[in-house]
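Accompanying notes for the structure given below.
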Amino acid sequence: GEPPPTPCEGGSSALREVDFSPYTVIVRWVTGINSLQVDAVNVSAPGDGAVVVGFRGRFDRLTVSLHGKGTWKVVPDFDSIPSWDHIGWTAQVSMDCHPSFPFLSQPRISQLHIEDSMEVPIALFGVKLTSRDISA
Numbered sequence: 001g002e003p004p005p006t007p008c009e010g011g012s013s014a015l016r017e018v019d020f021s022p023y024t025v026i027v028r029w030v031t032g033i034n035s036l037q038v039d040a041v042n043v044s045a046p047g048d049g050a051v052v053v054g055f056r057g058r059f060d061r062l063t064v065s066l067h068g069k070g071t072w073k074v075v076p077d078f079d080s081i082p083s084w085d086h087i088g089w090t091a092q093v094s095m096d097c098h099p100s101f102p103f104l105s106q107p108r109i110s111q112l113h114i115e116d117s118m119e120v121p122i123a124l125f126g127v128k129l130t131s132r133d134i135s136a
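Note that the sequence shown covers residues 1 to 136 in my numbering.
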């Protein structure tokens, strides 16, 4: 497949592997992470000794390199580099709240969700089978 744009960080040949029978789809690289925008921040204290910070935003443009490995012998492999514009996302960070310093501790991502579909058309011998959402 096509090499990632430079500069590229990370040493793994696969960021994520997803089973979309009759293919296993491997996400090799992603660009556009630096186009992340935060549109809203919400802070709440649900009363269980925690503070929750919610974020909502979008990526202006994401591009991924995909490699599909056929899981059946008659299914050919494929390579694809699709792009999507204006992909929304939400995230929540939860932290323990204390009455003394350091006041907030143990930050953890408690929710991360891609709001918009990132569909990739899957075809077999030139016939479109379906579109699969790789954001799920």
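Where a beta carbon is used, it is the ideal one built from N, C-alpha and C, also for glycine. Predicted model only: the values in this text are computed from it and were never measured.
- A distance below 8 Å separates the beta carbons of residue 5 and residue 31.
- In the DSSP annotation of this structure, the continuous segment of the beta strand (DSSP E) that includes residue 62 starts and ends at 50-70.
- Here residue 59 is buried, its C-beta having at least 16 other C-beta atoms within 10 Å.
- In chain order, 94 place their CB closer than 6 Å to the CB of residue 108, counting only its own chain and leaving out the 5 sequence neighbours on each side.
- With 16 or more neighbouring CB atoms inside 10 Å of its own CB, residue 28 falls in the buried class.
- Counting along the chain, residue 42 sits inside the beta strand (DSSP E) bounded by residues 36-44.
- DSSP, read as helix, strand or coil, puts residue 87 in strand.
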